[in-house]
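To keep things clear, I will list the structure first and then write my remarks on it.
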Amino acid sequence: MRQRGATLTGLMVGLMISMVVVLATLGLYQSLVRATGTAQQDTRQDTLRSASLLSAGMALQDAGFGLEAPDPQAQLLRVAAQAGVALLWMQNTGTQSGPQCTGLFAPDRGGLLRLPAQACTDLVGWNWQAGLLPLLAAAADQPPQPRVAIALEPSAACSPYGMSLGPFQAPRVVLASRSHTGVELTSTHCLVNFAAAPGAAGRAP
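If you want it as structure tokens, here you go:
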């Protein structure tokens with residue numbers, strides 16, 4: 011009786027088909043891993059970006075706090091610098107003896123930096139760029155981030171945190187950026203320590 015079995019050609023064809031299937035599966039797996047990793051990184055960056063805007067908003071509530079006569083024209087300043095935009099203000103939170111100057115800086119390359127608070131008596135004469143250089147050097151090694159826009163309205167109708175405190179005018183700051191999908195992220199803050207209505211000054215609740 012003639013025996014039948016697999017020929018060498020049949021084995022080679024089967025092996026080739028198996029290799030193609032394995033390679034296709036590996037390629038699909040690598041694509042899924044890359045897509046998952048990218049999605050996780052984008053989500054992490056969006057979360058950090060939102061947290062940064064929230065942290066910046068909390069810092070803004072100290073603007074004008076503790077000053078004897080808060081004056082937004084002299085103690086609140088938006089400066090367009092060569093490498094970005096800065097929002098500077100004075101405060102007296104009690105962490106140092108006397109008033110301090112501090113602020114936020116939005117570099118043209120993206121991101122948002124907090125300027126270290128320094129004792130000062132004059133916001134216009136404060137050399138804020140000296141404290142900015144180390145921050146820019148440290149951020150140079152970080153991946154590029156979406157730009158953050160800083161807008162300052164010297165006087166606007168404010169209701170901080172949606173509370174009904176009665177109509178009053180105060181400076182309003184809007185921080186705006188975008189997520190990795192292009193969705194606009196905005197954060198609006200009333201600087202109630204510079205409020206025009208009597209009794210409205212003081213740290214926001």
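Numbering-wise, the sequence shown is residues 11 to 215 according to our numbering. Positions of the beta carbon are idealized from the N, C-alpha and C atoms, including for glycine. All of these numbers come straight from a predicted model, not from anything done at the bench.
Under 8 angstroms, do A66 and L114 count as touching if we go by C-beta distance?
Yes, these two residues count as a Cβ contact at 8 angstroms.
Between which residues of its own chain and V95 is the CB-CB distance below 6 angstroms, once the five residues before and five after are set aside?
Counting only Cβ-Cβ distances below 6 angstroms, and skipping sequence neighbours, we find A116, I160.
So with Cβ pairs under 8 angstroms, would you call V89 a contact of chain B?
Among the chains of the structure shown, chain B does not appear; only one protein chain is present.
Jot down the residue ranges of each uninterrupted beta strand (DSSP E) in the stretch 51-121, minimum 3 residues, whole runs only, in chain order.
If we require 3 residues or more, the beta strand (DSSP E) runs fully inside the stretch 51-121 come out as 86-90, 94-101, 110-117.
Would you check if the distance between the CB atom of G141 and the CB atom of L125 is smaller than 8 angstroms?
Their beta carbons are under 8 angstroms apart, which means G141 touches L125 by this criterion.
Whole angstroms is fine: what's the gap from T35's alpha carbon to M22's?
Near 20 angstroms, if we compare the C-alpha coordinates of M22 and T35.
So, with DSSP's three-state summary, where would you put P181?
Three-state DSSP puts P181 in a strand.
Would you kindly check if the distance between the Cβ of Q85 and the Cβ of G74 is under 8 angstroms?
Yes, these two residues count as a Cβ contact at 8 angstroms.
Tell me I160's beta-bridge partners as DSSP assigns them.
I160 pairs with L185.
What is the rounded straight-line gap between the Cα of R182 and the Cα of T57?
In a straight line, the C-alpha of R182 is about 24 angstroms away from that of T57.
I need the straight-line Cα distance from P82 to C168, nearest angstrom please.
Roughly 15 angstroms separates the two Cα atoms.
Taking the DSSP output, what are the residues bridged to H199?
Partner(s): V183.
Looking only at C-alpha atoms, which of V30, E194, Q139 sits nearest to L90?
At residue 90 the sequence reads Ala, which differs from the Leu that was named. Looking at the Cα atoms, Q139 is the closest of the given residues.
Tell me, please, which residues DSSP counts as bridged to L125.
Paired residue(s): G113.
Buried or exposed: Q110, going by 16 or more other Cβ atoms within 10 Å of its Cβ?
With 16 or more Cβ atoms within 10 Å of its Cβ, Q110 is classed as buried.
In the DSSP assignment, what are the bridge partners of A140?
DSSP output for A140 lists no bridge partner at all.
Check whether the Cβ atoms of L123 and L145 lie closer than 8 angstroms to each other.
Yes, they are a contact pair.
In three-state terms, what does DSSP make of A205?
Note: A205 maps to coil in three-state DSSP.
With H, G and I counted as helix, E and B as strand and the rest as coil, what does DSSP make of S169?
If DSSP states are grouped into helix, strand and coil, S169 belongs with coil.
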